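Per UniProt numbering, the very first residue in the sequence shown carries number 1; after that it's consecutive. Encoded as structure tokens, the structure appears first; notes follow it.
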Amino acid sequence: MAPYVTGETPDVLAPHSTTAATATTTTIIRPAAETEEWDDGGEEISIQPPPPMSDSPPRVLIIGAGSRGRTYAEATDKVSNGLVAAVVEPDPYKRMDLGRKRIWGPQGRSEPLEGEAFADYPDFVAYEKRRRQREAAGEAVPPGVDAAFICVLDEMHRAVIEALVELGGLHIMCEKPLATTLEDCVAIYKALRDNKTNTVFSIGHVLRYSPHNVLLRKLVVEDRVIGDVLSVVHTEPVGWWHFTHSYVRGNWRRENTTAPSLLTKSCHDIDVLLWLLCSPASHKDKCQEPHMPSTVSSSGSLQLFKKSRKPVKAGAATNCLSCAAEPDCKYSAQRIYVGDELRGLGTGNMRWPVSIAVPDIEDYAVRGGADSARDVLLQKLAEDYGDETPDSDVAKRNWFGRCVFESDNDVCDEQVVVMTWQDDPLPAGDDDADASESPTADRLQHRGAKTATFHMVAHTKKICDRYTSLYGVDGEIYADQATITVEDFRTGTTTVHRPPVESKGHGGGDAGLARQFILAVDRIKNHGWEAEQAQREIIGCTLEEIIRSHAMVFCAEEARHGKTVVDWGPWWAKEVEER
Ligand SMILES: NC(=O)c1ccc[n+]([C@@H]2O[C@H](COP(=O)([O-])OP(=O)(O)OC[C@H]3O[C@@H](n4cnc5c(N)ncnc54)[C@H](O)[C@@H]3O)[C@@H](O)[C@H]2O)c1
1 MAPYVTGETP DVLAPHSTTA ATATTTTIIR PAAETEEWDD GGEEISIQPP PPMSDSPPRV
61 LIIGAGSRGR TYAEATDKVS NGLVAAVVEP DPYKRMDLGR KRIWGPQGRS EPLEGEAFAD
121 YPDFVAYEKR RRQREAAGEA VPPGVDAAFI CVLDEMHRAV IEALVELGGL HIMCEKPLAT
181 TLEDCVAIYK ALRDNKTNTV FSIGHVLRYS PHNVLLRKLV VEDRVIGDVL SVVHTEPVGW
241 WHFTHSYVRG NWRRENTTAP SLLTKSCHDI DVLLWLLCSP ASHKDKCQEP HMPSTVSSSG
301 SLQLFKKSRK PVKAGAATNC LSCAAEPDCK YSAQRIYVGD ELRGLGTGNM RWPVSIAVPD
361 IEDYAVRGGA DSARDVLLQK LAEDYGDETP DSDVAKRNWF GRCVFESDND VCDEQVVVMT
421 WQDDPLPAGD DDADASESPT ADRLQHRGAK TATFHMVAHT KKICDRYTSL YGVDGEIYAD
481 QATITVEDFR TGTTTVHRPP VESKGHGGGD AGLARQFILA VDRIKNHGWE AEQAQREIIG
541 CTLEEIIRSH AMVFCAEEAR HGKTVVDWGP WWAKEVEER
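Here's what the structure looks like:
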């Protein structure tokens, strides 16, 4: 009999376990929507129907059933032509919850079959190797998976990618950032570049896939509605309490356990800027020489969430539940996680950010009612550490009740990056085919000097609702998450575009990325496409673009630490090409 959950003994799963069985067939059943990502919250939502389902739809594996793993699992069900086939997750509650909602539950089963649930990714790899051997020997085995969404924390990405590349044959979507160091990013890039198994690789740069940004890019790069871009200012407002949740108390608070906030929070904003300003106009063309910046500079620091800003009234308290200043403190953990005004339990919300503090909060509410859920949450928030606690113990978990001025956070809560481009026309003969026909054509072939300024600001009302101003030779654009306003200096006209909103997750970017990734897998699996074509035309992002935008973040960090302006060309040659 096959093991119940590969890599974990059944008694660890006692509340849910029954008998193991073996799967040999696939039935396509689409579960219903479940998370708030798909709740329209009063906004007009226009969901594209999934692409047509093939007879043998892509089967995807979710590695890490946390916040992002759940999001992509739901997106797979809702907007893609694939299906969620298996999950890897060490936390029994999260693993079973995802499986019940997306894998075996919709099939009418309360338990996983062989090959559907794993406690750790090496268990999956070992199982899959063996499954392939058995299949090759003519044994009836459960179907494998075609693709994996890697949704574990940043510092594990390299190990998981390398394990899957070594296994071979799987298409990969890895959450951003690619990895936490430049060395790891370059190593992954080289491993993927040298991997010749006809597979695609996608990165979680979801902003590229929102209908809003897709239209913005079309207007700027393809339609050239403001002509050559001269200047861009792009702002990422993180949100005053969201910042405390993720970057002061949560997963991404320390550079030495994850990475700088410019990487963990903003690498996809840097990517969007490069996508707008350097990537080829159409990914249908084979790679054309990107117009890269010539210089990079950056400033920023941890300005607010540190001891020197702690209110005097808070005294020596380090935890909100025992702090005299708590009733007046806007960062109070009770207010954020338990209260009824933000997204606390008191609003009825049992998902992010509450479920990040207590993953099985819904179970407590179902089994013991609202008071039980509240008690468990308060107990969790009361957990604290002292001077005697080893730093390694402090670092390895989140402390959501910790005073925001007494945490072990060190990542920037304010940062600016400036990239400048110089005139850089391609040598004669390589110019745009249509340059002579375009009314805005110039002798620089759209490769003229420009500047992009990125601003990550923590203390905002908006939560991640980015806004961007672009200034061009012929006009300007202001874009926020709802509208794109184009001012045309030639005609004096103002045009306001209101792109459709597909889901709340990154303005529809989560849905768009999942749809495109799985569509690419389907094209290769069922329609005879080569991976190289699917990567360019369906995923619309090449490995080179992925490494460039990540390298740009590390380059900006070097500039910030060194208080210098970095010369991009030599930096790239030394730090990436020669590494
Ligand atoms: N694209 C975006 O906009 C975006 C947004 C948020 C987070 N992220 C990234 O997504 C990734 C996941 O973030 P999250 O917020 O979902 O974190 P999370 O903590 O909610 O989820 C991570 C999950 O991985 C699981 N895990 C740990 N070890 C594992 C193992 N060996 N095998 C399988 N699973 C394991 C954890 O138990 C947890 O459930 C991170 O890299 C993060 O930076 C991307």
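No residue lacks a Cβ here, since even glycine has one placed at the ideal position from N, Cα and C. The model shown is predicted, which means the values in this text are computed figures rather than measured ones.
For THR76, the uninterrupted alpha helix (DSSP H) segment begins and ends at 67-79. When rounded, the separation of the alpha-carbon atoms in ALA86 and GLU326 is 44 Å. In terms of Cβ geometry, CYS151 and TYR72 form a close pair [threshold 9 Å].
Under the three-pair Cβ rule at 8 Å, the region 518-530 does not count as touching the region 261-280. Taking C-beta separations shorter than 7 Å and ignoring five residues to either side along the sequence, the partners of VAL79 in its chain run ILE47, GLN48, PRO50, ALA511, ALA514 and ARG515, following chain order. Secondary structure in the region 286-332: the beta strand (DSSP E) runs of 3 residues or longer, each lying completely within the stretch, are 295-301 in chain order. Here VAL60 carries a strand assignment [DSSP, helix/strand/coil].
Contact between the region 516-524 and the region 189-202 is present: three or more C-beta pairs spanning the two stretches fall below 8 Å. With respect to the 9 Å criterion, CYS412 and LEU262 are classified as neighbours on the basis of their beta carbons.
Of all alpha-carbon atoms in GLN415, GLU544 and PRO177, the one lying nearest the alpha-carbon of HIS157 is that of PRO177. Non-local beta-carbon contacts of LEU192 in its own chain, meaning distances under 6 Å to residues more than five positions away in sequence, involve PHE201 and LEU543 in chain order. In this structure GLN133 is exposed. Its beta-carbon is surrounded by fewer than 16 other beta-carbon atoms within 10 angstroms. By a beta-carbon distance limit of 8 Å, ALA333 contacts LEU381. Their separation comes to about 5 Å. Here VAL553 is not near THR295, since their CB atoms are 9 Å or more apart. The Cβ-Cβ distance between SER54 and SER355 does not fall below 9 Å. Residue pairing of PHE454 in beta bridges, as defined by DSSP: HIS234 and VAL417. Within the region 373-427, the runs of alpha helix (DSSP H) at least 4 residues long that lie entirely inside it are, in chain order, 391-395. Looking at ARG102, ILE63, ASN256 and HIS550, the one whose alpha-carbon comes closest to that of ASP391 is ASN256. Under the 8 Å Cβ criterion, the region 236-251 counts as touching the region 444-464, having at least three qualifying pairs.
Of the residues HIS268, ASP223, VAL165 and ALA148, the one whose Cα lies closest to the Cα of GLU545 is HIS268. In the DSSP assignment, MET173 falls within the beta strand (DSSP E) that extends over 171-174. For the options ARG217, ALA324 and ASN251, the alpha carbon positioned closest to that of ASP271 is the one of ARG217.
Fully enclosed alpha helix (DSSP H) runs of no fewer than 4 residues occupy 211-217, 240-243 and 261-264 of the region 186-273, in order along the chain. Annotation for VAL486: the continuous beta strand (DSSP E) segment containing it runs 484-488. Here VAL496 carries a strand assignment [DSSP, helix/strand/coil]. Note that the C-beta distance between ALA324 and ASP154 is not below 9 Å. The region 473-480 and the region 210-229 touch, with no fewer than 3 CB-CB distances between them shorter than 8 Å.
Going by C-alpha positions, GLY105 is about 33 Å away from ILE336. Here ALA137 carries a coil assignment [DSSP, helix/strand/coil]. Here ALA136 is exposed, its C-beta having fewer than 16 other C-beta atoms within 10 Å. Rounded to the nearest angstrom, the Cβ distance from MET456 to PRO293 is 18 Å, too far for a contact under 8 Å. Between GLU74 and GLY99, the C-beta gap is not smaller than 9 Å, which leaves the two residues out of contact. Scanning LEU83, ASP194 and GLU383 for the CA closest to the CA of SER322 turns up GLU383. In the DSSP assignment, SER469 falls within the beta strand (DSSP E) that extends over 467-472. Contact annotation: the region 164-173 does not touch the region 486-494, with fewer than three C-beta pairs closer than 8 Å.
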